[in-house]
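Residue numbers (the numbering used here): 62 to 204. Note that the Cβ used here is the ideal one computed from N, Cα and C, for glycine as well. Written out below as structure tokens is the structure these notes cover.
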Amino acid sequence: MKKLLFIILLTFSTLASSAEHEVKMLNFGTDGGMVFEPGFLKVNVGDTVNFKAIDLTHNTESVAGLIPEGATGWKGEINENVSVVIDKEGVYVYQCTPHVILGMVGVIQAGNPVNKDKVMSELGKITIAVNAERLTNYMTQVN
Ligand SMILES: [Cu+2]
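Set out below in structure tokens:
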């Protein structure tokens with residue numbers, strides 16, 4: 062006789078279910094050429110940020126020292142879509158490695174910006190020749 066075992070898996074959803082966000086890697090966007098869109102993004106811890114390689118020759122890479130203490134960084138290949146689960150609260154600064162010099166950077170805020178002062182004091186780690194005001198504009202949106 063054949064025994065069938067039925068397993069009922071109950072999935073309990075958390076009170077605030079995690080959300081998905083999209084950041085496009087673009088040659089041209091509302092903030093100009095070589096740009097992440099949106100360049101500033103506010104999320105909750107546990108949310109996923111999906112970086113989409115809409116245009117070619119871009120990547121996304123978190124900047125060492127400019128993410129929260131103990132947070133997991135990321136480094137995508139050129140033309141690679143990358144999904145990042147934001148695992149710690151705070152401010153994350155990221156770049157497109159070949160175009161950081163052109164101001165292709167972005168900022169993600171997750172929950173409380175616990176490391177904002179540290180990030181602000183270390184923004185000089187990033188060398189930007191063109192569109193440098195983007196990064197400061199994004200940082201002013203952190204609150
Ligand atoms: Cu780029």
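Counting C-beta atoms within 10 angstroms of its own C-beta, leucine 87 has 16 or more neighbours from the protein chains shown and is therefore classed as buried. CA-CA distance, aspartate 92 to glycine 131, rounds to 31 Å. Here the distance from the Cβ of threonine 118 to the nearest heavy atom of ligand 1 is below 7 Å.
Taking 7 Å as the cut-off, the C-beta of proline 159 counts as close to a heavy atom of ligand 1. The DSSP-derived three-state label of methionine 95 is strand. Annotated three-state conformation of asparagine 198 is helix, per DSSP. Distances between the C-beta of methionine 86 and the heavy atoms of ligand 1 include at least one below 7 Å. DSSP places methionine 165 in the coil class of the three-state scheme, outside both helix and strand.
Counting every other CB atom within 10 Å of its CB across the protein chains shown gives alanine 114 a total of 16 or more, marking it as buried. Remark: the shortest separation between the CB of methionine 95 and any heavy atom of ligand 1 falls under 7 Å. Measuring C-alpha to C-alpha distances from phenylalanine 112 to each of Gly94, Asp148, Ala125 and Gln156 identifies Gln156 as the nearest. Take valine 191, set aside five residues on each side of it, and the residues of its chain with a beta-carbon closer than 6 Å to its own are Leu163 and Gly164, in chain order.
In the displayed model, lysine 177 falls within a helix according to three-state DSSP.
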